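Per our numbering, residue 184 is the first one in the sequence shown, and the count goes up by one each step. The C-beta atom is built at its ideal place from N, Cα and C for all residues, glycine as well. Only a predicted model underlies this, so the values are computations on that prediction, with no experimental measurement involved. Data block below; observations after.
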Amino acid sequence: MTPANNKTLLRSYSYVRKYYLKELFILLLILCQNAGALSFPYFIKVIIDKVFPAADFQMLIEVLLFIVGIQLFSMVAGILSAYFQQQVSNAVMEDLRTDLFDHIIHLPIDFYNKNDIGEVIHSLSNEVNIIREFLTTSLIQFANNLILIIGISLILYFLDAKLFFLCILLIPLLLITISLFHRRIRAYIARDRKADASVMSFMIEKLDNVILIKLFNRYRFEWQNFRNRIREYIKINLRVTMLRAQGTQISIFLIAMAPVVVIGFGSGGIFSGILSLGTLVAFLEYFNLMIGPSRNMLGLYYGMLRAGESARKLMAFFDTPIPDRDRKPGAGIEPVERIAVEQVGLTLGANQILEEVSFVLEKGRSYGFVGASGSGKSSLTFMLCGLYKADKGHIYFNGKDTKDLGVYALCDQVGLVRSNTKLLRGTIRDNILYGIESAGADALEAVLEFVGLADYILELPQQLDTDISDLGTRLSDGQRQRLAIARALLKDPQVLILDEATSAMDSISESTLIRNILDRYQDRIVVVISHRLSTVSNLDEIICLRDGVIAEQDAHARLLAKKGAYWNLFEQQLVGNTADLQGNLMIDNKK
């Protein structure tokens, strides 16, 4: 195993350290459990060397009863060790998985842009289970097997030192075998983990886009792609299994050769009278008992290689820094009076999204962001929420730099509703109250009435307690957007941003809702992004973006009078709407 993987495994050990007393108790129970197996060869020696020659039936009964008692003790110890081992294992899994989940959800949006979500989920499930297994079961088994090997070795030494040293001569061959397979297995384990994660990533992506698969009838195509990935994983996994089996079985073969040596040299000792039959039988029995722990140690070694690779991946997530982790939500911002964006630039990957952008948003005014797709409108709203950090320039809330305030404080004050509405599994009530610590029934009823959902919800059998998943397609995209807007309004933010948040509604419903929001939030900052220019025409000021820069900004009427970038957008939309209307009229005439 590489030094880097060694370090990551040592770091992950911190998750089991606080349970060390239970771990020691479990180890003690396992050792007690092994008492039955370890004592049995000795009792066989006693029966052969003492009971049979003396024909002592009373002693035989005593020895057999003693064996039964030890086996019962071993059974109870085994039951208790299994229970406590699972208890510790579950506790470690809970700690590791919750810590990783907490860290990942705090990571910046840029992390999710760069990483495959399937890899992340694979780490939260498979990698955590591998580490959990190693930290709890494997470490205890390693200690148990090591103690057994050392204990049995001492017994073998005291039974017959010459035979013991003859067996030790096989150890160098064993070490050479392990080292030969080590490097190749380690390389394939990394490929195996990557192939497994690739399968999960593929499933998540395709299931998330299942409508696209259906619309284009790509069932066979995606089935073939999935089968190819599965087969690639199986191919690599079989290679790992084969290499591991070869290394293990060759090692076991070398260990199994020891009894041949023992019988060969031990028989000579019996013939010459310097070794008793009971001693030879006991030696062979004890040596056979050592084969199991030796095989287990080899398996644990290969398990450690896999755990090292998993730990490396997990710790890479933990090592990804979280900006503003020490800052508390809402800290440092009083009611927002003014937002100043000064010479802001933003680069995502190799793409320049925004460059030298400057404007001011003031309390009590409404603003529209317009521009062609890819002009930087949504990225700009992410920056106002603190989800994206400016490469250059500054954004000030009430004169305070957002870099000093942090994402938690900004998200506490800004309400953002996007076009791709996100609803969570659960009831309608759960979705609307998400992130809201307290809201009375009157406030909830008022906001639903405001967004035009009150009548619809009253018609549902369980009303607010209706599960979102039970509604299925009965919940339209427009209704989903209304729910998302209700959630944002109930938060009562200082800054409300609607990023195509009404795109699924008809134009009349959209204009009515926007007008009501503007009337309600006259003492707040309201930002609306829409491709429908009619939606933003009544706002106080419109900022027109083009290729990441502000082309112009002013009120709707004055921008049209200038006949610049905004006028061009308006003309294009007007021509498009006219063409659509003429097309519809021609269809109606044909009918």
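Cα-Cα separation between residue i and residue j, rounded to whole angstroms
| i | j | result |
| --- | --- | --- |
| THR656 | ASP638 | Confidence at THR656 is low in this model, with a pLDDT of 49, below 50, so its placement is unreliable and the value that follows should be read with caution. The straight-line gap from Cα to Cα measures roughly 18 angstroms. |
| LEU390 | LEU681 | 28 angstroms |
| CYS568 | ASN534 | 21 angstroms |
| LEU421 | TYR196 | 29 angstroms |
| ILE413 | LEU497 | 23 angstroms |
| PHE580 | VAL597 | 11 angstroms |
| ILE394 | PHE325 | 50 angstroms |
| ARG495 | ILE387 | 23 angstroms |
| TYR571 | VAL524 | 14 angstroms |
| VAL443 | TYR202 | 44 angstroms |
| LEU768 | ILE304 | With a pLDDT of 35 at LEU768, under the threshold of 50, the modelled position of this residue cannot be trusted, and the question is left open. |
| ASP863 | ARG612 | The first residue shown for the chain is 184 and the last is 774, placing residue 863 beyond what the model contains. |
| GLY451 | LEU467 | 15 angstroms |
| ALA274 | TYR749 | 60 angstroms |
| VAL423 | ILE313 | 16 angstroms |
| GLN662 | SER692 | 11 angstroms |
| MET258 | PRO291 | 52 angstroms |
| TYR448 | LEU346 | In the sequence as displayed, the identity of residue 448 is Phe instead of Tyr. Their backbone Cα atoms lie some 7 angstroms apart in a straight line. |
| SER556 | ASN751 | 15 angstroms |
Closest Cα partner of residue i within the set the options
| i | options | result |
| --- | --- | --- |
| ILE361 | TYR485, LYS345, MET440 | TYR485 |
| GLY609 | VAL600, ILE651, ARG521 | ILE651 |
| THR503 | ALA687, HIS289, THR604, ALA684 | HIS289 |
| GLY430 | VAL443, LEU318, LEU358 | LEU358 |
| GLU206 | SER264, SER459, GLU693, PHE448 | SER264 |
| LEU339 | ALA441, ALA378, LEU537 | ALA441 |
| ASN296 | VAL259, ILE536, GLY532, GLN407 | GLY532 |
| GLU302 | ILE615, VAL382, LYS746, VAL423 | VAL382 |
| LEU283 | ILE505, GLY491, VAL464, SER257 | ILE505 |
| ASP232 | SER434, SER321, THR281, ALA465 | ALA465 |
| VAL719 | VAL524, SER690, ILE619 | SER690 |
| ILE712 | ARG703, LEU679, GLU735 | LEU679 |
| LEU460 | GLN645, ALA218, TYR225 | TYR225 |
| ALA668 | GLU310, TYR617, GLY576 | In the sequence as presented, Ala is not what sits at residue 668; that position holds Ile. Closest by alpha carbon: TYR617. |
| SER321 | ARG489, GLY452, LEU352 | ARG489 |
| ILE300 | LEU398, PHE385, MET242 | PHE385 |
| ARG707 | MET688, GLU545, ARG280 | GLU545 |
CB-CB length for residue i against residue j, believed under 8 angstroms
| i | j | result |
| --- | --- | --- |
| LEU701 | SER549 | 5 angstroms |
| PRO518 | GLN755 | In fact, because the Cβ distance is near 39 angstroms, the residues do not count as touching under 8 angstroms. |
| GLY559 | LEU728 | 5 angstroms |
| ILE435 | ARG367 | No, ILE435 and ARG367 are not in contact; Cβ-Cβ is about 19 angstroms, not under 8 angstroms. |
| GLN268 | ILE323 | 7 angstroms |
| LEU221 | LEU483 | About 20 angstroms separates the two Cβ atoms, so there is no contact after all. |
| ALA260 | LEU212 | 5 angstroms |
Check: residue i C-beta below 7 angstroms from any heavy atom of the ligand GTP
| i | result |
| --- | --- |
| ILE413 | The model depicted lacks the ligand GTP and carries no ligand whatsoever. |
Backbone secondary structure at residue i - three-state DSSP
| i | result |
| --- | --- |
| ILE433 | helix |
| THR656 | Note that THR656 scores a pLDDT of 49, beneath 50, so its modelled location is shaky and nothing firm can be said. |
| ASN721 | coil |
| GLU130 | Look at the range of the chain in this structure, 184 to 774, and you will see that residue 130 is not part of it. |
| PHE399 | coil |
| VAL590 | helix |
| GLN645 | coil |
| THR319 | helix |
| ALA684 | coil |
| ILE262 | helix |
| GLN324 | helix |
| ASP613 | helix |
| ARG707 | coil |
| VAL519 | coil |
| ILE668 | helix |
| GLY731 | coil |
| LEU531 | strand |
| TYR203 | helix |
| GLN526 | strand |
Contact under 8 angstroms by Cβ, residue i with residue j
| i | j | result |
| --- | --- | --- |
| VAL709 | VAL540 | no |
| VAL229 | VAL246 | yes |
| LEU342 | THR462 | yes |
| PRO236 | ASN328 | no |
| LEU666 | LEU636 | yes |
| TYR198 | ASP293 | no |
| ILE419 | TYR469 | no |
| ASP379 | TYR416 | yes |
| GLU683 | HIS714 | yes |
| ALA738 | ILE726 | no |
| ASP574 | LEU529 | yes |
| PHE552 | LEU563 | yes |
| GLY547 | GLN645 | no |
| SER659 | PHE500 | no |
| ILE330 | LEU248 | no |
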